[in-house]
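Here is the structure we will look at, set down as structure tokens.
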Amino acid sequence: MSIPRRLALLIALPLVLTGCATSSGAEDGTVDVLASFYPLQFVAEQVGGDRVDVDSLTPPGAEPHDVELSPAQVSRIDGADLVVYLSGFQAAVDDAVTQTSPEHVVDAATEATLRPEGHEEESPEEHDEHEHGDTDPHFWLDPSRMPSVVDDVAAALSELDPDGADTFAANAAALTQRFQELDAAYETGLAQCDSRTFVTSHEAFGYLADRYDLHQVGISGIDPEAEPSPARLAEVSTIVRDEGVTTIFFETLVSPKVAETLADDLGVDTAVLDPIEGLSDPDADYFSIAEANLDALRMALSCS
Ligand SMILES: [Zn+2]
Numbered sequence: 006m007s008i009p010r011r012l013a014l015l016i017a018l019p020l021v022l023t024g025c026a027t028s029s030g031a032e033d034g035t036v037d038v039l040a041s042f043y044p045l046q047f048v049a050e051q052v053g054g055d056r057v058d059v060d061s062l063t064p065p066g067a068e069p070h071d072v073e074l075s076p077a078q079v080s081r082i083d084g085a086d087l088v089v090y091l092s093g094f095q096a097a098v099d100d101a102v103t104q105t106s107p108e109h110v111v112d113a114a115t116e117a118t119l120r121p122e123g124h125e126e127e128s129p130e131e132h133d134e135h136e137h138g139d140t141d142p143h144f145w146l147d148p149s150r151m152p153s154v155v156d157d158v159a160a161a162l163s164e165l166d167p168d169g170a171d172t173f174a175a176n177a178a179a180l181t182q183r184f185q186e187l188d189a190a191y192e193t194g195l196a197q198c199d200s201r202t203f204v205t206s207h208e209a210f211g212y213l214a215d216r217y218d219l220h221q222v223g224i225s226g227i228d229p230e231a232e233p234s235p236a237r238l239a240e241v242s243t244i245v246r247d248e249g250v251t252t253i254f255f256e257t258l259v260s261p262k263v264a265e266t267l268a269d270d271l272g273v274d275t276a277v278l279d280p281i282e283g284l285s286d287p288d289a290d291y292f293s294i295a296e297a298n299l300d301a302l303r304m305a306l307s308c309s
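So the sequence shown is numbered by this note's numbering: it starts at 6 and just counts up by one.
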């Protein structure tokens with residue numbers, strides 16, 4: 006046996022062993038799921054129904070990008086039956102998952118869900134100046150990318166709770182259908198618009214723009230807390246004037262100051278486009294926010 010094959014076996018062995026272990030879940034019989042932030046929490050809740058208990062590592066109303074974890078939260082990751090997260094998005098969660106190596110993990114970052122960061126905006130020359138391998142995390146804003154995560158969560162839950170497999174499959178099918186209907190509503194709602202360019206403070210809508218043939222102009226970049234440079238503000242102002250942009254979008258979890266100041270200077274409106282990273286309104290959910298986003302985009306882009 007060659008050295009690399011022996012190594013591969015050594016690495017694979019613990020995975021095989023833990024894969025066979027059956028877990029009985031929490032003491033009340035429900036599966037204890039820990040999601041790293043809201044859209045993944047939502048999927049786990051919808052698929053798991055009352056057979057699961059879902060908690061999020063990002064508190065409601067908090068901005069998930071730079072979440073920090075307490076030692077208690079790290080040990081919750083260790084103790085959870087299932088962890089659902091997105092690698093490459095929240096460094097503290099990545100570290101905690103590596104440290105504790107929980108038995109059952111769904112990582113939403115697969116080839117199918119993620120695209121390289123800045124993919125739409127950059128020329129090939131510009132792209133070469135950046136490190137390769139960085140991906141844009143915000144896949145959940147393209148509803149057509151959600152069903153593969155739904156399936157992964159349903160499969161993991163069925164392994165943990167085989168008696169619930171039929172329920173999880175039915176819930177997953179219903180949820181997938183809702184994502185497909187939302188995708189169709191976006192497709193139709195954004196088909197005929199006077200403009201296809203939208204300006205947003207937090208550059209979270211690249212997947213959405215790709216899917217529905219829109220052009221996203223981000224003020225602050227992928228990280229919502231980043232301060233835009235004066236040069237970037239000047240570029241965005243030029244785009245707003247040249248393309249007749251009527252609205253600058255900001256989001257609910259981060260201060261709207263930059264967007265408001267720029268909109269004031271340019272004499273255009275501001276409106277909310279929510280990246281669905283956390284809930285600021287407890288009565289809202291993924292679908293109600295996504296529908297409000299569609300309305301806001303249709304208004305700003307004058308869609309018929
Ligand atoms: Zn974001």
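Note that the Cβ used here is the ideal one computed from N, Cα and C, for glycine as well. Just so it is clear, the structure is predicted and the values come from calculations on it, not from any experiment.
Residue i, enclosing alpha helix (DSSP H) - first and last residue
i: Q95; result: Neither: Q95 is in no alpha helix (DSSP H) and is coded neither H nor E.
i: F292; result: 291 to 305
i: D215; result: 211 to 216
Contact check, residue i vs residue j, beta carbons under 7 Å
i: I253; j: V204; result: yes
i: L238; j: A161; result: no
i: P152; j: T140; result: no
i: G66; j: S307; result: no
i: V89; j: L146; result: no
i: I244; j: V222; result: yes
i: D99; j: S92; result: yes
i: F144; j: L119; result: yes
i: P148; j: L187; result: yes
i: V36; j: L195; result: no
i: Y191; j: L299; result: yes
i: A49; j: V155; result: no
i: Y291; j: F47; result: yes
i: T251; j: V273; result: yes
i: S234; j: S206; result: no
i: G169; j: R56; result: yes
i: S61; j: A77; result: no
i: A97; j: V72; result: yes
i: E240; j: I227; result: no
i: D279; j: I294; result: yes
i: V52; j: F173; result: yes
Coarse secondary structure for residue i, derived from DSSP in three states
i: P148; result: helix
i: G53; result: helix
i: A236; result: helix
i: I200; result: One detail in the question is off: residue 200 reads as Ser in this sequence, not Ile. In the structure shown, S200 sits in coil (DSSP, three-state: anything other than H, G, I, E or B).
i: T103; result: helix
i: L119; result: coil
i: S61; result: strand
i: W83; result: For the record, residue 83 in the displayed sequence is Asp; it is not Trp. In this structure, D83 counts as helix in the three-state DSSP scheme.
i: D139; result: coil
i: V72; result: coil
i: Q46; result: helix
i: C308; result: strand
Residue range of the unbroken beta strand (DSSP E) whose run includes residue i
i: A178; result: Note, A178: premise wrong, no beta strand (DSSP E); alpha helix (DSSP H) at 170 to 194.
i: G223; result: 220 to 223
i: A40; result: 36 to 40
i: D112; result: 110 to 112
Taking 7 Å as the limit, name every residue whose beta carbon sits nearer than that to some heavy atom of ligand 1, in sequence order.
Chain order is used for the residues whose beta-carbon lies nearer than 7 Å to a heavy atom of ligand 1, namely H70, P142, H143, H207, A209, I227, P229, P280, E282.
If we require 4 or more residues per run, which alpha helix (DSSP H) segments fall completely within the segment 240 to 286?
DSSP runs (the alpha helix (DSSP H)) wholly in the segment 240 to 286: 262 to 271.
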